[in-house]
Amino acid sequence: MKVIAIVGYKKTGKTTLVERLVSELAKTGKVGTIKHSQDEILPFGGDTDRHLASGASVTIGVTPTRSVMVLKTSDINSALKEMSMQGVDYVVVEGFKQSRLPKIAIGDVEAENIVARVDINATGEQLAAIAKAQPDEVTLPELIARVHRNPEIKKAGAIGTFTGIVREIAKNEITKALEFESYDVVAKERIAKIEADLKQAPGIVDVIIHHKTGRIEAGEDIVYIVVAAGHRQELFPILREAIERVKEEVPIWKKEMTVSGEYWVHDKE
C-alpha cells in the first residue's frame, strides 16, 4: 500500500490535486482517500453520535447510495489501518502536515517529510509518479488480505500470524524505541528465500514475511509473518521456524533506545 499526502495552505488547490492524483492512480489500482477536516462529517446529537456515546468504537451508517464509517479515534494511524483492511493499493491523504507521512507540498508550505513541491498545474501523471515512488506502508491486515487473494487459498483451512512488537519493559530497563537498519538488497533476498523454503513444507499454502526498518516506538509493530496451511498442525511449526530463521539469517541490526542510554544490541552482546 502506497501512501502520499498532499499539503498546502488554505485555498491553494489541495482538493483539485487530490482529484487529479486519484483519477490517475485508479487506472492501475484501488484507491482510498483520507481528508483532514476541522468540520464534523456527521452532526453531533444524531443516532450515529448516540451509538458512539453509548460505548461503540466504530459505527457505520448505511444508506441506499453509500456507507459512512465513523471511528471514535481521530488519528491518522487509525485511519490508515482501516484503509489497509479495505485492500487498497494507494491512499491519498489531504492535509495532516504534522504527520510523518511522505508529502507533496503545494508552494512554500512547511511540513515534515516533503518529498516533492508542485504548483496547481501539476498533472495527474506527475503526481502519480511521485506517489508510486514512495515505500510501501505495510500492515498485518493488508498481508492477510494478500494471502486471501492467493488462488491457492482454496486449499487452506487455517491462516496464522505472528507479530513482533517493541517491548517497553524488560527486567529493570524501560525501552523508548528501537531502530533497525538492514542491508536492504541482501535482507530482501534472504526473506524471499525463507518464504520460498517454507512454502515447500507439506500442507503450506502461502508464507509472507515483512520486517520494518527505521525507528519504531515502544508498543509498535516490528515484524509480521502470515502463514496459510491446510491444517493447524502444519501451520504453527512454520510460524515458529519463520521467525527463528529471520532472526538468524536476515542482516538486520537493532539499536535500543532506553531511558539509561542507547546502544546497538550486537555491540552490547
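Using the working numbering, the letters of the sequence shown correspond one by one to residues 54 to 322. For each residue, glycine too, the CB sits at the ideal point set by N, CA and C.
How about the stretch 141–151 and the stretch 63–78: do they share at least three Cβ pairs that are nearer than 8 Å? Result yes; three or more Cβ-Cβ pairs closer than 8 Å.
Does the distance from the C-beta atom of V258 to that of A282 stay below 8 Å? Yes; because the gap between Cβ atoms is below 8 Å, this pair is in contact.
Are there any heavy atoms of the ligand FAD lying less than 7 Å away from the beta-carbon of D259, as far as the coordinates show? As presented, the structure is devoid of all ligands, the ligand FAD included, so that no description of it is given.
How big is the Cα-Cα spacing for D100 and E287? Approximately 47 Å, taken between the alpha carbons.
Using 8 Å as the cut-off, can you tell me whether the stretch 72–91 makes contact with the stretch 189–198, which would need three or more C-beta pairs spanning the two stretches below that distance? Taking 8 Å as the limit for Cβ pairs, the verdict is that the stretch 189–198 does not touch the stretch 72–91.
Helix, strand or coil for K321? Go by DSSP, reduced to three states. Residue placement at K321 cannot be trusted, given a pLDDT of 43 that sits under 50; what the coordinates show is reported in the next sentence. The answer is helix: DSSP assigns K321 an H, G or I state.
Using C-beta distances below 7 Å, list every residue in its chain close to G177, excluding the 5 sequence neighbours before and after it, in chain order. Cβ contact annotation for G177 (same chain, cutoff 7 Å, sequence separation greater than five): R73, L74, S76 and E77, in chain order.
Write down the C-beta distance between D142 and K55 rounded to the nearest angstrom, noting that I regard them as a contact closer than 8 Å. Yes, they are in contact, since the Cβ atoms of D142 and K55 sit about 7 Å apart, within 8 Å.
Assigned exposure category for G61 - 16 Cβ within 10 Å defines buried: Flag for G61 reads buried.
Coarse secondary structure for M310, derived from DSSP in three states: Residue state, collapsed to three classes: strand.
What is the C-beta distance between E273 and V219, in whole angstroms, given that I count them as a contact (C-beta under 8 Å)? Taking 8 Å as the upper bound for CB-CB distance, E273 and V219 are in contact here, some 6 Å apart.
I'd like the span of the alpha helix (DSSP H) that includes V171, first residue to last. Following the DSSP letters along the chain, one finds V171 in no alpha helix (DSSP H) but inside the beta strand (DSSP E) bounded by residues I167 to V171.
Buried or exposed (CB count within 10 angstroms, at least 16 for buried), H284: Sixteen is the threshold: since fewer than 16 other Cβ atoms of the shown chains lie within 10 Å of the Cβ of H284, the residue is exposed.
Buried versus exposed call for P155 [16 or more other C-beta atoms within 10 Å across all chains shown]: Its Cβ being crowded by 16 or more others within 10 Å, P155 is buried.
Do you know offhand how far K321's Cα is from K308's? Any reading at K321 is ruled out, since the residue's pLDDT is 43, under 50, leaving its predicted position unreliable.
D102 to V111, Cα distance in whole Å? Rounded to whole angstroms, D102 to V111 spans 10 Å at the Cα level.
Helix, strand or coil for H201? Go by DSSP, reduced to three states. Assigned with DSSP and collapsed to three states, H201 falls in helix.
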